[in-house]
Amino acid sequence: MRASPRATRRLAHRPAGVVDRSPSADDTTSMLGIALSGIAVDGYADAARERRRAGTTVPPRRSRLTLLVGVAVLGLLMTLAAVHTMADKPEVAAEQSALVDQVREQTSETDRLSARNDRLTATVAGLRAHQLANTSAGAVRRAQLATLGTLAGATAATGPGLQITVDDANPASRPDLEPDPAGRILDIDLQHLVNGLWTAGAEAISINGQRLTATTAIRAAGKAITVDYRPLARPYVVQAVGDPKALQAGFTASAGGDWMLNLKATYSIVLDVRTESSMTLSAGNPVLRYAQPLRSK
Amino acid sequence: MIPAIGLAIGVAIALVFKPAVPDWMQPYLPIAVVAALDAVFGAVRALLQGMFDDRVFVVSFLGNVLVAALIVFLGDQLGVGAQLSTGVVVVFGIRIFSNVAAIRRTLFKA
C-alpha cells in the first residue's frame, strides 16, 4: 500500500492536541507542556519519514506472521489480566465478609460477657447489702455505698430526669435534604452536652444505654462516636438522672447547653429535651487502673 | 483480518489453557496491558493515516510492555512502585487520548 498524499500532508500539519514543538509555541509553553512534549512521539511517522528519505514510498513488505504473533500476544495479555482481576474479586469479597462476620461474632461475645458481668455484679451487690443490713454500722455503710455507687456509675440508677435526643442535621427522616457535613454531631458535641449535664447536677448519665463513669471516654473513631470504645448509632439519646427542673434550668445555663443550643441555631441539628418521671440507667463498669511504682533491681 | 485472527488466537489460548501467571509477574500485568493498549491505539491511528508498519507496531508493542514493567519493577525495588505505576498510567493515558483524538479527527473530520 502506498502512503497516501493525505497522510503525508497530515504529517506536515500536526493535528491539534498533539503537542506542538515549533518555536512559536514557546510563548505559551507551560511546565506541563515541557514535561509532556516528548510523550506524543510517533514512531510510525518517523518510520514513514525514514522511508521517504531513503527514496521509497512503499512500506516494506508486511510480515503477516509478526503481526499475527504480536496481536496474539496482545489478546493473551489482556485476557489474562482481565481473568486475573475477575478471579481476585470474589476472594477479596470473601475475605472482607469473613472479617465482618468475625467482628459481629466478637461483638456479640462481648455483649454476652458484659451481660454476665452485670448479673454477677448485681449478685455481689445483693449479697453485700444482705450482709451489711445486719448491723447498724453496716446500714450506714450501705447507704454510703448506694450514693457513691450511683455517682461512680458502678450501680444502676433509677429516678426522674432529662432525656435529650441529639442527631445530625437532616437525619434519615428527611432524605430529601442534602446532608450538611457541618451539621454532623461530633464527639466534642456530646462531650460538651454531657459536661453541661454534670454541671447542672446530674447524678447519673448514659448515652444510648451506655452508662458514663469517671473513666468513660467519649471519642471519635472514623465517622462513628464511641463511648467506652463501643460505637454508637444515631440518634444519640442522652439520659440524665436528677431533679428534672433543676437539670433543665442548669443545663440551659451551662456552657454545654449554650454549645448545643448554638449548634441547633446555626446548623439546625436535632436537639430534643424531655423530662421523664422515671428512668433506669444500667450500671457501667468503671475500670480502675492503678499506678505501680517501678521496681529497681 | 489478520489482527482479528491474532486477537482471537490470543484470547483463545488465555481462556483454554489458562496459563498460570507467576506471582512475581502479577503486579506488572495491568501495567503491561495499559502499555499494550497504547501501542494498539497508536497502530490504529497509523493505519487510518496510511502509515501502518507492522515492524513498528510489534517493536513498539513489545517495547512498551517491557519498559513499563521494568519501570514498575525498578520502582518496587526502590520503594516507589505505586507512584511509578501511577506515572506510567498517566503517561500512557495521555498518549492513548492523543491517539484517540487523532483517530477521531481522521474518521469524523472533527
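The listed protein sequences correspond, in order, to chains R and X. Here the first sequence is numbered in this note's numbering, starting from 1 and rising by one per residue. Here the second sequence is numbered in this note's numbering, starting from 1001 and rising by one per residue. Glycine is no exception: its CB is placed at the ideal position from the N, C-alpha and C atoms.
Item                                                                                                                                                                           : Value
With C-beta atoms as the reference, is F1102/X less than 8 Å away from A1068/X?                                                                                                : It should be pointed out that residue 1102/X corresponds to Ala in this sequence rather than to Phe. No, the Cβ-Cβ distance between A1102/X and A1068/X is not below 8 Å.
If we define contact as Cβ-Cβ less than 8 Å, is V92/R a contact residue for chain X?                                                                                           : no
Return no unless some Cβ of chain R is closer than 8 Å to the Cβ of Q1026/X.                                                                                                   : yes
Report the rounded CA-to-CA distance for A94/R versus S108/R, giving the unit in angstroms.                                                                                    : 21 Å
What residues from chain X crowd round G299/R, counting only those whose CB sits closer than 8 Å?                                                                              : The shown model of chain R, from 1 to 297, leaves out residue 299/R, and the question about it has no answer.
Would G1093/X count as contacting chain R if we go by Cβ distances under 8 Å?                                                                                                  : no
Step through the CB atoms of chain R and report whether any lies within less than 8 Å of the CB of L1015/X.                                                                    : yes
Skipping 5 residues on each side, what residues in its chain have a beta carbon closer than 7 Å to that of L281/R?                                                             : A156, A157, A204, S206, R211, Q239 and V241
For F1092/X versus V1034/X, is the C-beta spacing smaller than 8 Å?                                                                                                            : yes
Should T213/R go down as buried or exposed, given a rule of 16 or more other Cβ atoms within 10 Å for buried?                                                                  : buried
Which one or two residues does DSSP pair with P231/R in a beta bridge?                                                                                                         : T226/R
Does DSSP put P90/R in a helix, a strand or coil?                                                                                                                              : helix
Please report the straight-line C-alpha distance between G138/R and Q131/R, rounded to a whole angstrom.                                                                       : 8 Å
Given this structure, state the Cα-to-Cα distance separating K1018/X from V227/R, to the nearest angstrom.                                                                     : 52 Å
Go ahead and label F1057/X buried or exposed: buried means 16 or more other beta carbons lie within 10 angstroms of its beta carbon, across all protein chains shown.          : buried
Could you say which of G70/R, S278/R, V140/R and N195/R lies nearest to A255/R if we only look at CA atoms?                                                                    : N195/R
With a Cβ-Cβ cutoff of 8 Å, do L74/R and L1007/X count as a contact?                                                                                                           : yes
Quick one: residues in its chain with C-beta nearer than 8 Å to the C-beta of S24/R, no 5 flanking neighbours on either side, listed in chain order?                           : In this predicted model, S24/R has a pLDDT of only 48, less than 50, meaning its place in the structure is not dependable enough to derive any value.
Can you list, in chain order, the residues of its chain with a C-beta nearer than 8 Å to that of Y236/R? Leave out the 5 residues immediately preceding and following it.      : T165, V166, D167, I185, L190, I207, N208 and I225
Quick one: which chain X residues come within Cβ less than 7 Å of R64/R?                                                                                                       : I1002
So S1060/X packs on G1042/X, CB below 8 Å; how close in whole Å?                                                                                                               : 6 Å
What residues in its chain sit with their C-beta under 6 Å from that of M260/R, if we drop five residues either side in the sequence?                                          : L193 and L271
Sort A1020/X, P1003/X and D1053/X by Cα distance to G43/R and report the nearest one.                                                                                          : D1053/X
Can you tell me the Cα-Cα spacing of G284/R and S278/R, whole angstroms?                                                                                                       : 19 Å
Leaving aside the five residues before and after A129/R along the sequence, list all residues of the same chain whose C-beta is less than 7 Å from its C-beta, in chain order. : R142
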